[in-house]
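Okay, so here's the structure we're looking at.
Protein chains: 2
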Amino acid sequence: MPAISKSAASIPASAIRMLTPFADKAKADGVKIYHLNIGAPDIKSPVSAVKALKEFSFDHLPYSNSAGTLELRKALVEKYYRKVGINIGLDDILVTTAGSESLSFIFHAAFDPGDEVIAMEPYYCNYNTLAKMNGVKVVAVHTDIRSGFALPPAEEIEKHITPRTKGIIVCNPSNPTGMIYGKAEMLAIAQICRRHDLFLISDEAYREFCYTEEPYFSALHLEGMDENVILVDSASKRYNLCGSRIGCLVSRNKDLMELITKFAQARLCPPVLGQAVVLGAIDADDAYFAAVKEEYIARRNYTVKALNAIPGVFTPEPKGAFYTVAELPVENATAFCKWLLTDFRLEGETVMITPVEPFYSTPGEGRNQVRVAYVLEVPELKKAMRILEKALETYNK
Amino acid sequence: MPAISKSAASIPASAIRMLTPFADKAKADGVKIYHLNIGAPDIKSPVSAVKALKEFSFDHLPYSNSAGTLELRKALVEKYYRKVGINIGLDDILVTTAGSESLSFIFHAAFDPGDEVIAMEPYYCNYNTLAKMNGVKVVAVHTDIRSGFALPPAEEIEKHITPRTKGIIVCNPSNPTGMIYGKAEMLAIAQICRRHDLFLISDEAYREFCYTEEPYFSALHLEGMDENVILVDSASKRYNLCGSRIGCLVSRNKDLMELITKFAQARLCPPVLGQAVVLGAIDADDAYFAAVKEEYIARRNYTVKALNAIPGVFTPEPKGAFYTVAELPVENATAFCKWLLTDFRLEGETVMITPVEPFYSTPGEGRNQVRVAYVLEVPELKKAMRILEKALETYNK
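Residue numbers (numbering that gives the first Met the number 0), protein chains in the order written: chain A, 0 to 396; chain B, 0 to 396.
Given below as structure tokens:
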């Protein structure tokens, strides 16, 4: 019997999806589950996206250009990015099979096996798997829930830089914490990258989900960082088109884009139907985003208040995305999240949330934390929060 | 300026796509190009696929299961694979973002960096890039155009096995040669794999394109090879849905599937719209495949005859897929293919074909060979062959 990959065998199962079998079992038993576990909201996609699919007709479905259709790249550059104040050329962008593929390309193109990338923990746990696929190590810099997961001082971050460090990755707004790095934080990170010749990988999948007054500051707004900045972007959250699997990768670093183009050619092209739908979605007007934002602010405000009202629970106020990390009065949040699915029912219902421990690299950190995705309407969130409160009561008896 | 990946820098540009800029330039100048360079045929998809998309409606597009929708996996197992005599369970299959992603998962899950995979050259050139992304080396065993690219004897293959060899990859029917390994050849390869504890990776993307009387023999028909066989499959060619980016990976090796599931979870899910269209395509009836086969046999017969009628050109008769490899009376086929696009015009038209040298690992091999994809109707092929003949005349003057 041939042996499977030794280097890959240590890859952990997805923290976000590992509880799915227990949820499936509960559903099969007729239990209703409030899904606060995954970033799959109920918000409608722009009508222009729905229309684009309706108008798409084919008798066969050929490949597109490896970099994505010219129309989609043009629309991204000339309509979407221009609108958000990001000036890029057609050669700086490559359409990908969503943000995940952008990340995979980056970990293979900007890094060698054995290299290191710095991330502030807790960080999006799939960075780990995607990095490990090229033998890249995620080195975590700790941030603290009690200080709202604020960016640590430069000296603290620089302590983690070794001769193998090749980049810093940020998720802004952050999955899982919902925190935003503004202009000051981004300038501080840029300075570190310049000082140590590092790539700055900026995952901005949640760019449109900012609930502060401050205008959004993208890594591509940084000056003098053309060779360093690599943007990971995605249509998944922006237009609620997670299933389209369309994102893009943007960089002004020509050598990097040339190498990534080779990877892109080897996988032929990104999904063509998804590209057609996203091309339509780009025509979404400002009113679409304003309505979405208003809805999420209401959900966030409710969720944060409700969580902090539960005895022993603490969560800081997230400024963006649609997640918040909360401390629970339990020792092992993973066991609690599983128990919610396997054992606890309130009037035949339960709630599914995500343990945050796998979003930390430091052993033992975040053991009592969960990620709550506020992706349901407030009346539904109310029911879910009631279940969570009762569950904690029962669990701690 | 941070340095890009050293290990990836040696990855060659896609042989199939590297001439595209010259073709784009020619088209911009108003030149008509007969595209015999890429496996993107003009054949219609099954009407059931077109219907499936027409009936697909959404207001937002969530993720599917990481392994693909349950309906699609069921349809593949219970309708498609059962029909072609392959018995597998729902746990043995994972829907992927086409065959390319299946290959990428395999090179990361069955191999460690530094490991080797054996392929008979000429082989599908993207194996190289996808393997190199995990530091895996493709070791080529030479096959000869004059003997119709027949499988070399076991001793010859075994000469290439080292302590780092972890698998043998076959593309059956073959891209680029169009040759088929029947039961005898597959049994011979299986014996080598068993003897040396190797994975047998069988890329069967062209399974439905067999023009012989002998029934198709899949690697999954091999007995006692459950731990060794990994099937790469794709809807791209089968239903002419290249742009759907849907394929699958099949293996009865539980450890391997468990590891690959982790990769699959990290990239969230395969494209949802493509999955819906392929679910429809699976309902294609036998008449669909019979008509496609008849059409390709006519195209192949014409192409092989026309090529061999050109002075100095030789091609063996391919038995499957829709490619043939031909020797041309030129020293450097790459230069000739480029010249066709940049310099040669016959009544304002030219032809695009693919140099085969990058499909070989052995330096200097296949320098005078091209891959011709017979993906146009016979009247169009006639025009293309006339252009090729005149071009060779002019080039050799």
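Note that beta-carbon positions come from the ideal geometry of N, C-alpha and C, so glycine has one too.
Pairwise C-alpha distance: residue j and residue i
i: Thr95 of chain B; j: Ala234 of chain B; result: 10 Å
i: Leu60 of chain A; j: Pro20 of chain B; result: 22 Å
i: Ala22 of chain A; j: Gly347 of chain A; result: 13 Å
i: Leu402 of chain B; j: Val312 of chain B; result: Here chain B has residues from 0 to 396 only, and residue 402 of chain B is not among them.
i: Phe106 of chain B; j: Gly134 of chain B; result: 9 Å
i: Pro315 of chain B; j: Asn127 of chain B; result: 25 Å
i: Pro121 of chain B; j: Ile167 of chain B; result: 14 Å
i: Ile352 of chain A; j: Arg385 of chain A; result: 14 Å
i: Ser99 of chain B; j: Ala108 of chain A; result: 18 Å
i: Glu293 of chain A; j: Ala263 of chain A; result: 37 Å
i: Cys192 of chain A; j: Lys158 of chain A; result: 13 Å
i: Phe335 of chain A; j: Asn367 of chain A; result: 9 Å
i: Cys241 of chain A; j: Tyr62 of chain B; result: 5 Å
i: Ile10 of chain B; j: Ala265 of chain A; result: 10 Å
i: Lys82 of chain B; j: Ala48 of chain A; result: 37 Å
i: Ser13 of chain A; j: Pro45 of chain A; result: 30 Å
i: Asn331 of chain B; j: Ala290 of chain B; result: 38 Å
i: Ala7 of chain B; j: Ile144 of chain A; result: 38 Å
i: Ala97 of chain B; j: Ala275 of chain A; result: 18 Å
i: Asp284 of chain B; j: Ala66 of chain B; result: 26 Å
i: Leu278 of chain A; j: Val271 of chain B; result: 16 Å
Residue nearest to residue i in terms of C-alpha spacing, selected from the options
i: Ala218 of chain B; options: B:Arg266, B:Leu240, B:Leu186, B:Ile245; result: B:Leu186
i: Tyr210 of chain B; options: B:Asn171, B:Val228, B:Gly246; result: B:Asn171
i: Ile309 of chain B; options: B:Val324, B:Gln368, B:Leu391; result: B:Leu391
i: Ala153 of chain A; options: A:Val138, A:Lys182, A:Gln190; result: A:Gln190
i: Pro1 of chain B; options: A:His220, A:Thr341, A:Cys268, A:Glu226; result: A:Glu226
i: Tyr205 of chain B; options: B:Val169, B:Met224, B:Arg194, B:His195; result: B:Val169
i: Pro162 of chain A; options: A:Phe110, A:Val30, A:Ile10; result: A:Phe110
i: Met17 of chain B; options: A:Gly319, A:Leu267, A:Leu278; result: A:Leu267
i: Gly273 of chain B; options: A:Arg244, A:Val116, A:Glu115, A:Pro354; result: A:Arg244
i: Glu77 of chain A; options: A:Met256, A:Glu376, A:Ile281; result: A:Ile281
i: Ile259 of chain A; options: A:Val369, A:Phe104, A:Tyr295; result: A:Phe104
i: Asn174 of chain B; options: B:Leu380, B:Leu306, B:Gly319, B:Leu339; result: B:Gly319
i: Glu222 of chain A; options: A:Glu257, A:Ile85, A:Asp91; result: A:Ile85
i: Phe148 of chain A; options: A:Gly246, A:Ile117, A:Tyr180; result: A:Tyr180
i: Asn300 of chain A; options: A:Asp196, A:Leu375, A:Thr333, A:Tyr79; result: A:Leu375
i: Leu306 of chain B; options: B:Val369, B:Met256, B:Leu255, B:Asp90; result: B:Val369
Distance CB(residue i)-CB(residue j) smaller than 9 Å
i: Val350 of chain A; j: Ala372 of chain A; result: no
i: Ile15 of chain A; j: Ala25 of chain A; result: no
i: Val329 of chain B; j: Tyr394 of chain B; result: yes
i: Val138 of chain B; j: Thr176 of chain B; result: no
i: Asn125 of chain A; j: Leu102 of chain A; result: yes
i: Val228 of chain B; j: Arg251 of chain B; result: yes
i: Tyr151 of chain B; j: Met119 of chain B; result: Checking the sequence, you will find Pro at residue 151 of chain B rather than Tyr. Yes; because the gap between Cβ atoms is below 9 Å, this pair is in contact.
i: His141 of chain A; j: Glu326 of chain A; result: no
i: Lys43 of chain B; j: Asp58 of chain A; result: yes
DSSP bridge partner residues for residue i (one or two, in chain order)
i: Lys31 of chain B; result: B:Glu348
i: Lys165 of chain A; result: Lys165 of chain A is not bridged to any residue.
i: Arg385 of chain B; result: Paired residues: none, contrary to the question.
i: Asp232 of chain B; result: B:Cys247
i: Ile15 of chain A; result: According to DSSP, which records beta bridges pairwise, Ile15 of chain A is partnered with nothing at all.
i: Glu120 of chain A; result: A:His141
i: Phe148 of chain A; result: DSSP, once it has assigned bridges, lists no residue as partnering Phe148 of chain A.
i: Arg370 of chain A; result: A:Val324, A:Thr353
i: Glu115 of chain B; result: B:Lys136, B:Thr164
i: Thr95 of chain B; result: B:Gly246
i: Asp202 of chain B; result: B:Cys170, B:Val231
Neighbour-count burial assignment, residue i, 16 or more Cβ in a 10 Å radius
i: Lys5 of chain B; result: exposed
i: Leu230 of chain A; result: buried
i: Pro362 of chain A; result: exposed
i: Lys131 of chain A; result: buried
i: Glu356 of chain A; result: buried
i: Asn64 of chain A; result: buried
i: Ser56 of chain A; result: exposed
i: Gly88 of chain B; result: exposed
i: Thr68 of chain A; result: buried
i: Lys236 of chain B; result: buried
i: Asn239 of chain B; result: buried
i: Asp342 of chain B; result: exposed
Cutoff 9 Å: residue i Cβ touching any chain D Cβ
i: Arg244 of chain A; result: Among the chains of the structure shown, chain D does not appear; the protein chains present are A and B.
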